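What follows is one structure encoded as structure tokens, with my remarks underneath.
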Amino acid sequence: MAGRNRPRPWGTRTCMRRPRVRSGMRLHWHRADLRLTDNRGLAAAAGVEGADPAPGEAPALGLFVLDDAVLDHASPPRVAFLLDALESLRAAYRDRGGDLLLRRGDPTAVLPAVADAFDVTGVVWNRGYSGLTRERDEAVRAALDDAGVRVAAYHDALHHEPGSITTNAGEPYSVYTYFWKKWRDRDKADPYPAPEANQLAAPDDPGDIPGLADLGFDAPEAAVPDAGYEAARERLDEFLTSDVYEYDDRRDYPADRCTSRLSAHLHYGTIGVREVSDAVATARAGAPDEDARESVDEFRSQLAWREFYHHVLNFNPEVVTENYKSYEEPIDWNEPRGELDAWKRGETGYPIVDAGMRQLRAEAYMHNRVRMIVASFLTKDLLLDWRHGYAHFREWLVDHDTANDNGGWQWAASTGTDAQPYFRIFNPMTQGERYDPAAEYIKQYVPELEGVNADDIHSWHELSDAERERLAPDYPAPIVDHAERREQALAMFKRARGEDPDED
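Read in this note's numbering, the sequence shown has 153 at position 129, and its numbers run on one by one without any break.
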């Protein structure tokens, strides 16, 4: 792993008592970085040796703000994960003799007020890359400037910040393959150590972490996974023990569960990207053979996809609501009616689609291959605008990430950067047969088909009504004919391209 520049440390403290909150201190504003280890901004605020210097003096006061403007766009699974992560973060602070300060309100008002109350001279945070995040951060910076408080923002959430990987002409990449080659070959920084016990402040009135009901949310229907650094590290270590060496061969088979399941942890920052990269590099070095090393590299490429989409969002914030790719004419999507509701419920009569949609409701998660299948089905079989699917995923996914979800949906809809060509349309039946041949995944989430053999499940669309009634009377017939809808989708995109849909 590449080393970092080593600026002069701000000073060494050996006293292990809880440091008194005092004047001139630094404040670290936690957002999507709910951890102590490998946190660049917090390391700078706390004066960790080797971290970039930040304005003010150690110890660091850690703050999280429950921002109602953010909560307005949240959902029960994500808020449940967030609150669990905050509990874990507070426990980590307290283990080191400090505490996490928690406040609720508009950050443009909360941060200057906290800075004044604790005599803070320097505020630190790690950068975000969405348009809304950058607008908020600029407003907070202006409010702190007015209050005479210095600000330092650090690059932390990605290995390589937007603008650092570009074409030879200096433009951001719109094709992943070229981005990946440069990303792969760039050095990755070492993880940042966690602050020591005497580097974190312990405020007298840290504030309580609220419950879901206190924030106006119901308990999630789904079983939300454990949050926090320890849960993230345990998941990473388990994945790197063996599954990563078979990742290339097995990652597309949902019943195998050969994926890292780190997506929510990376989104909320309960584990740092440098720590993940360092552990992956160690696993690669210990790979038993070349095939295993190539499998590790495939996992690394998935981490690069995450960064690629964040770069795209940074330079194109409008993609959250607009197509990235322009067509000559508007795409003539269908109006959402009962078919959209059937898709959301997992009652389309296409088993692999329904299994995915029901996994989403049960676990606030969906396997990546299945995400592509259900997204293709919505946009190419139901002919519905990708924004309907994106909104549903935002509501139900615990790992919802604006950059990655938007990138995935626009890829499937043939409207995004480096997207699936419009004429490549997933057949949901062949996808199910190929990636869930024994229908193990389907039967787990669609119990109506538990007693049906895999061949009948994968040919469900070809069975007669009588056969379907005999085999699984409670499971629906297909709500659309895939072959017919495929032709309609091709015609729809040809019209958008300004072509005659009747010409070959």
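Glycine included, every Cβ here is placed at the ideal spot set by N, Cα and C. Note that this is a predicted model, so its numbers are computed, not measured.
Identified DSSP bridge partners for residue i
{"i": "Phe517", "result": "DSSP lists no partner for Phe517."}
{"i": "Phe142", "result": "Note: Phe142 sits in no beta bridge, so no partner."}
{"i": "Trp53", "result": "Leu87, Trp149"}
{"i": "Leu125", "result": "Leu87"}
Cutoff 6 Å; reference residue i; Cβ partners in own chain excluding five residues on either side
{"i": "Leu113", "result": "Leu58, Leu124"}
{"i": "Asn347", "result": "Thr439"}
{"i": "Ala370", "result": "Residue identity differs from the one stated: residue 370 is Gly in this sequence, not Ala. The answer, listed in chain order, is Asp378, Met381, Arg382."}
{"i": "Pro244", "result": "Pro100, Pro101, Ala104"}
{"i": "Arg510", "result": "Ile449"}
{"i": "Asn29", "result": "Confidence is the limiting factor: at Asn29 the pLDDT is only 31, short of 50, which leaves the residue's position unreliable and the question unanswerable from this model."}
{"i": "Tyr277", "result": "Tyr459"}
{"i": "Arg46", "result": "Caution applies to Arg46, whose pLDDT of 38 falls short of 50 and renders its modelled position unreliable; the value that the coordinates give is listed next. No residues qualify anywhere along the chain."}
{"i": "Ala167", "result": "Thr132, Pro136"}
{"i": "Ala256", "result": "His289, Thr294, Ile295"}
7 Å CB neighbourhood of residue i in its chain, flanking five on each side removed
{"i": "Arg494", "result": "none"}
{"i": "Ile481", "result": "Pro375, Ala463, Ile466, Leu473"}
{"i": "Ile233", "result": "Leu107, Leu110, Glu111, Arg114, Leu126"}
{"i": "Gly432", "result": "Arg395, Ala399"}
{"i": "Gly296", "result": "Arg59, Thr61, Asp62, Asn63, Pro215"}
{"i": "Asp272", "result": "Glu318, Ser319, Glu322"}
{"i": "Tyr446", "result": "Ser438, Phe517"}
{"i": "Ala70", "result": "Ala82, Pro83, Ala84, Pro219, Gln223, Leu224"}
{"i": "Pro131", "result": "Val89, Asp91, Arg160, Val164"}
{"i": "Ala311", "result": "Tyr269, Arg317, Val320"}
{"i": "Asp423", "result": "Ser287, Ala288, His291, Tyr389"}
Status (buried if at least 16 other CB within 10 Å, exposed otherwise) for residue i
{"i": "Gly48", "result": "exposed"}
{"i": "Asn477", "result": "exposed"}
{"i": "Asn192", "result": "exposed"}
{"i": "Asp180", "result": "buried"}
{"i": "Ser198", "result": "buried"}
{"i": "Asp425", "result": "buried"}
{"i": "Lys404", "result": "buried"}
{"i": "His54", "result": "buried"}
{"i": "Thr441", "result": "buried"}
{"i": "Asp228", "result": "exposed"}
{"i": "Glu299", "result": "buried"}
{"i": "His184", "result": "buried"}
{"i": "Arg330", "result": "buried"}
{"i": "Arg308", "result": "buried"}
{"i": "Thr283", "result": "buried"}
{"i": "Ala247", "result": "exposed"}
{"i": "Arg531", "result": "With the chain covering only 25 through 528, there is no way to say anything about residue 531."}
{"i": "His391", "result": "buried"}
CB of residue i within 9 Å of CB of residue j, strictly
{"i": "Ala288", "j": "Tyr153", "result": "no"}
{"i": "Asn150", "j": "Gly293", "result": "yes"}
{"i": "Arg393", "j": "Asp321", "result": "no"}
{"i": "Phe417", "j": "Arg395", "result": "yes"}
{"i": "Gly522", "j": "Glu353", "result": "yes"}
{"i": "Arg64", "j": "Ala56", "result": "no"}
{"i": "Val164", "j": "Val144", "result": "no"}
{"i": "Leu533", "j": "Glu363", "result": "Look at the range of the chain in this structure, 25 to 528, and you will see that residue 533 is not part of it."}
{"i": "Val89", "j": "Arg128", "result": "yes"}
{"i": "Asp261", "j": "Ala303", "result": "yes"}
{"i": "Arg259", "j": "Arg285", "result": "yes"}
{"i": "Pro217", "j": "Ala67", "result": "yes"}
{"i": "Pro360", "j": "Asn222", "result": "no"}
{"i": "Gly373", "j": "Ala501", "result": "yes"}
{"i": "Gly155", "j": "Pro341", "result": "yes"}
{"i": "Arg210", "j": "Ile189", "result": "yes"}
{"i": "Thr452", "j": "Phe401", "result": "The displayed chain sequence assigns Pro, not Thr, to residue 452. Closer than 9 Å, so yes."}
{"i": "Ser301", "j": "Lys212", "result": "yes"}
{"i": "Ile397", "j": "Gln455", "result": "yes"}
{"i": "Phe203", "j": "Phe332", "result": "yes"}
{"i": "Ala137", "j": "Val147", "result": "no"}
{"i": "Gly194", "j": "Asn338", "result": "no"}
{"i": "Trp357", "j": "Asp409", "result": "yes"}
{"i": "Gln434", "j": "Val343", "result": "yes"}
Residue i: CB within 8 Å of a non-hydrogen atom of the ligand MG
{"i": "Asp423", "result": "Ligands in the displayed structure: none, and consequently the ligand MG is not present."}
Close Cβ partners of residue i (< 8 Å) along its chain, the five nearest in sequence each way excluded
{"i": "Ala496", "result": "Glu472, Leu473, Gly475, Val476"}
{"i": "Asp250", "result": "Asp108"}
Closer than 9 Å to chain C by CB, residue i
{"i": "Glu220", "result": "Judged by its chain identifiers, the structure shown contains no chain C, having just a single protein chain."}
What are the uninterrupted segments assigned as alpha helix (DSSP H) that are 4 or more residues long and contained completely in the segment 172-229, given in chain order?
-> 200-209
Could you pull out every unbroken alpha helix (DSSP H) segment of at least 4 residues lying fully inside the segment 444-508, listed in chain order?
-> 452-459, 464-469, 478-482, 489-495
Start-end ranges of the alpha helix (DSSP H) lying completely within the segment 247-274, minimum 4 residues = 253-265, 271-274
Could you give the uninterrupted runs of the alpha helix (DSSP H) lying entirely in the segment 288-325, keeping only those of 4 residues or more?
-> 297-309
Length-filtered (3 minimum) beta strand (DSSP E) runs lying within the segment 374-448 = none
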